[in-house]
Amino acid sequence: MTVEPVTPVAPRPVRRAVMAQWWRGVSLLHWPLQPAVAASLMPATLRPDLLDGVTYLGVVALRMERTRLFGSPPVPYLGSFPQINVRLYSVDASGRRGVVFLSLDSPRLLPSMFARTTLGLPYRWSRMSTTSDGDQRRYACRPGGTDRLSRMTVEVGDPIPEPGRLEHFLTARWGLHLRGLYLPNEHRPWPLRQARLLAWDDVLVSAAGLPGVADEPPVSVLYSPGVYTRLGAPVSAAVRTG
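Per my numbering: the sequence shown ends with 243, consecutive numbering throughout.
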């Protein structure tokens, strides 16, 4: 199997978007993960994506805004909300790179239920907040509305004019693997900035089945003001398109 190259733009343009939205104020934390551990949490049809023999665990906090469905006007209220996801990096039988979500936390109940029911995405309703103070971005999440608190504070630094191999590997992801399907997306190259993790209290990674993995400092901390993203219709994860 030939694995597609890592590219800063989508290798398969989305010809007809079923959904479009802004991903704003994106903070990305990453830790190295043994491939065998990642594989145990993925469907058997997928394998971990590797960079120099290592795969990664990601915690990504962002705000989704102005969601459009099938070219409709932006969905009010339900179409804009914060989200924190825990994810792994995957390759399917056709060599397409993507992500596998272990959890997605959102304070919007109806969109979470819809995505969980129709696509099998591991959404759950959670109490969440996002705040900004100068160069600092703060995210807080109580999964499932419990008293367990996961917090992240990131200090945004200088722009990264030329992202390196690791930055491209972690951010240039042009599809989502789920339920034997591949959900493609496209957007302009990420405008990335350096960032520093000021505070981190983990509940999410441990709850996703990886206790202790996020106890050490992450090997990569990035920030992006965001991108406008178009998502296409799901296709079989076993069939190459384009």
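Even for Gly, the Cβ is constructed at its ideal location relative to N, Cα and C.
Residue i: CB within 7 Å of a non-hydrogen atom of the ligand NAD
i    : result
A208 : With respect to small molecules bound, the structure shown includes none, and the ligand NAD cannot be examined in it.
Residue i and residue j closer than 8 Å at C-beta
i    : j    : result
L58  : L89  : yes
D93  : H31  : no
M43  : S91  : yes
T131 : Y124 : no
V236 : L34  : no
R98  : D50  : yes
L63  : V87  : no
R197 : V228 : no
R117 : R128 : no
P185 : G176 : yes
S107 : F82  : yes
L205 : S151 : yes
Q84  : T230 : no
Close Cβ partners of residue i (< 8 Å) along its chain, the five nearest in sequence each way excluded
i    : result
S19  : Looking at the sequence itself, residue 19 is Val, so the reference to Ser does not match. Within the same chain, V19 has close Cβ partners L70, F71, L232, G233 and A234.
Q137 : T154, V155, E156, V157 and L199
A37  : none
R17  : G233 and A234
L52  : R166, L167 and F170
Close Cβ partners of residue i (< 6 Å) along its chain, the five nearest in sequence each way excluded
i    : result
W201 : M153
E217 : none
Opposing strand residues paired with residue i [DSSP bridges]
i    : result
L184 : L177
T68  : The partner list for T68 (beta bridge, DSSP) is empty, contrary to what the question assumes.
S172 : Before going further, note that residue 172 is Thr rather than Ser in the sequence given. Bridge partners of T172: none, in fact.
R231 : A21 and E187
S237 : L182
R48  : V92
S221 : H31
D202 : R152
T56  : L34
A87  : Ala is not the amino acid found at residue 87; the sequence shown has Val there. Bridge partners of V87: V60 and S104.
A209 : According to DSSP, A209 bridges with nothing at all.
Own chain residues within Cβ distance below 7 Å of residue i, not counting five before or after
i    : result
Q195 : G158, D159 and I161
A173 : V7, T8 and P9
P190 : P9 and V10
V220 : H31, W32 and P33
E168 : I161, L193 and L223
Residue-level contact to chain C via CB, residue i, 8 Å cutoff
i   : result
I85 : Although the question refers to chain C, the structure presented lacks it and comprises just one protein chain.
Exercise. Could you give the uninterrupted runs of the beta strand (DSSP E) lying entirely in the stretch 98 to 164, keeping only those of 3 residues or more?
Worked result: 98 to 107, 124 to 134, 137 to 144 and 151 to 160
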